[in-house]
Amino acid sequence: MPKIIKLKFKISQSKDLSSFFSFLFERQYDNGRNFNWAVLKYHPFFKNILKENDFKISKKQVSEYIKYYYKQHDEEIKSNIESFSQSWKKIEDDFLGLTAKLFSGQSWSNGKYIAYLTIWRMYPRFLDDKTFQIPYSSQKKKNINLVIAHELLHFMFYAYFLKKYPKYRSHKYDFFVWHVSEIFNSIILRQPEWKKLLKHNNLDYPEHTEIINKLDNKNLSTLDLINKIIIEVKESLVNID
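If you want it as structure tokens, here you go:
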């Protein structure tokens, strides 16, 4: 019998602090794309501090901004965490059922399974402890269920994938596995039973669109789909052995 998880919801300014510096660090690898999406677009305060190719900002400066922002949005954050929690509980059992079917009874890995609200506009996941972040605010609140499902699906995918392909446990394959995981998620979340449950369309990374469209609606088994994705990613996105 697969392990059953129950997702918890929490607020943590320290999580937002560490996520900020993770996005900042990634600027040197993705030309600043994630940092722009997550921080600069919605928090222009930082544009006045960080210049192009300048990574210098203190934890104190960022922490004070986060503290101020949380104070300004205190009521909304507290109201939304309750709303998001109740909304997810309504579909949690159905989500777990679809996931068990998709991964043939693969057990959930041990972990905290906590969703932390974040003021940033990208939502990191932390595979080691099975926690992730979700937006503190959304005009379409039911869209939060899609974000949650997307992140939890990643956790199950990684457990399943690394069991089937232990070779890719090496950190040198992290970026490759990330591509495979994101493409897999996008294809699965397009399927009718998932769209019916979550009621919103998943947002895909632009570089994955061609592969997603090519493999969508092929009616493949989970393992066959993953094998197809591996081939496509090797051919067009990541040159690995």
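Okay, so the sequence shown: first residue is 22 according to the working numbering, each after it adds one.
The beta carbon of each residue, even a glycine, is placed where N, CA and C say it ideally should be.
With residue i as the anchor, note down where its beta strand (DSSP E) starts and where it stops.
i           : result
residue 107 : Where residue 107 is concerned, there is no enclosing beta strand (DSSP E), although the alpha helix (DSSP H) it sits in stretches over 95 to 123.
Which term fits residue i, buried or exposed, when burial requires 16 or more other beta carbons within 10 angstroms of its beta carbon?
i           : result
residue 127 : buried
residue 93  : exposed
residue 171 : buried
residue 77  : exposed
residue 116 : buried
residue 188 : exposed
residue 149 : exposed
residue 238 : exposed
residue 51  : exposed
residue 95  : exposed
residue 114 : exposed
residue 46  : exposed
residue 36  : buried
Between the beta-carbon of residue i and the beta-carbon of residue j, is there less than 8 Å?
i           : j           : result
residue 141 : residue 83  : no
residue 236 : residue 217 : no
residue 41  : residue 55  : no
residue 136 : residue 153 : yes
residue 28  : residue 134 : yes
residue 223 : residue 207 : yes
residue 185 : residue 244 : yes
residue 169 : residue 138 : no
residue 166 : residue 215 : no
residue 229 : residue 204 : yes
residue 192 : residue 258 : no
residue 261 : residue 178 : no
residue 30  : residue 106 : yes
residue 111 : residue 132 : no
residue 88  : residue 49  : no
residue 6   : residue 180 : Past the boundaries of the shown model lies residue 6; the chain is included only from 22 to 262, so the question cannot be answered.
residue 102 : residue 32  : yes
For the alpha helix (DSSP H) containing residue i, list its first residue and its last residue.
i           : result
residue 170 : 164 to 185
residue 137 : Where residue 137 is concerned, there is no enclosing alpha helix (DSSP H), although the beta strand (DSSP E) it sits in stretches over 135 to 139.
residue 62  : Premise fails: residue 62 is in no alpha helix (DSSP H) and is neither H nor E.
residue 232 : 230 to 236
residue 200 : 195 to 209
residue 218 : 213 to 219
Please state whether DSSP places residue i in a helix, a strand or coil.
i           : result
residue 88  : helix
residue 22  : Unreliable placement is indicated for residue 22, whose pLDDT of 40 sits below 50; the coordinate value is still reported in the next sentence. Of the three classes helix, strand and coil, the one that applies to residue 22 here is coil, per DSSP.
residue 31  : strand
residue 146 : strand
residue 131 : coil
residue 225 : coil
residue 251 : helix
residue 258 : coil
residue 57  : helix
residue 41  : helix
residue 246 : helix
residue 69  : helix
residue 76  : coil
What are the partner residues of residue i, as DSSP defines its beta bridges?
i           : result
residue 156 : 139
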